[in-house]
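The sequence shown runs 1 to 76 under the UniProt record's numbering.
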Amino acid sequence: MEECLTSGQDFVFQQDGAACHTSKKATKWMEENNVPLLKWVSSIPGLSPIETLWHEMKKVLRQHSARTITELRQKL
Numbered sequence: 001m002e003e004c005l006t007s008g009q010d011f012v013f014q015q016d017g018a019a020c021h022t023s024k025k026a027t028k029w030m031e032e033n034n035v036p037l038l039k040w041v042s043s044i045p046g047l048s049p050i051e052t053l054w055h056e057m058k059k060v061l062r063q064h065s066a067r068t069i070t071e072l073r074q075k076l
């Protein structure tokens with residue numbers, strides 16, 4: 001996230017309510033660094049873009065067995 005803050009590009013952090021995102025330390029850091037938050041419902045997987053992406057990646061990887069890290073990266 002620090003890379004996003006220092007890159008000069010606009011971004012919004014999608015907050016899904018996970019404990020690591022809502023801890024006092026994380027919340028304080030985000031407030032201090034003016035991180036724009038987009039709160040999201042964590043209990044509806046179909047609405048989470050990252051979960052959809054993980055699902056699609058898993059489907060592709062199941063179809064093509066990779067034997068090395070290089071092969072895995074090529075498939076991704």
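We put the beta carbon where it would ideally sit given N, CA and C, even for glycine.
What you are looking at is a predicted structure, and each value in this text was computed from that prediction instead of being measured.
Closest Cα partner of residue i within the set the options
i	options	result
residue 85	W54, K75, P36	The requested residue 85 is not part of the displayed model; the chain covers only 1 to 76.
V12	K25, N33, K24	N33
W54	L76, H21, T70	L76
Cα-Cα separation, residue i to residue j
i	j	result
H64	E51	20 Å
I69	E56	19 Å
K59	E3	30 Å
S23	L38	16 Å
A18	E31	17 Å
H21	R62	30 Å
K25	E71	38 Å
Assumed close pair residue i, residue j - CB separation to whole angstroms, cut-off 8 Å
i	j	result
S48	D10	Not really, about 21 Å apart at Cβ, beyond 8 Å.
Segment limits, alpha helix (DSSP H) that includes residue i
i	result
Q63	49–63
A19	19–22
T68	Segment: none, T68 is in no alpha helix (DSSP H) and carries neither H nor E.
L5	2–6
Residue i - containing beta strand (DSSP E), residue span
i	result
Q15	13–15
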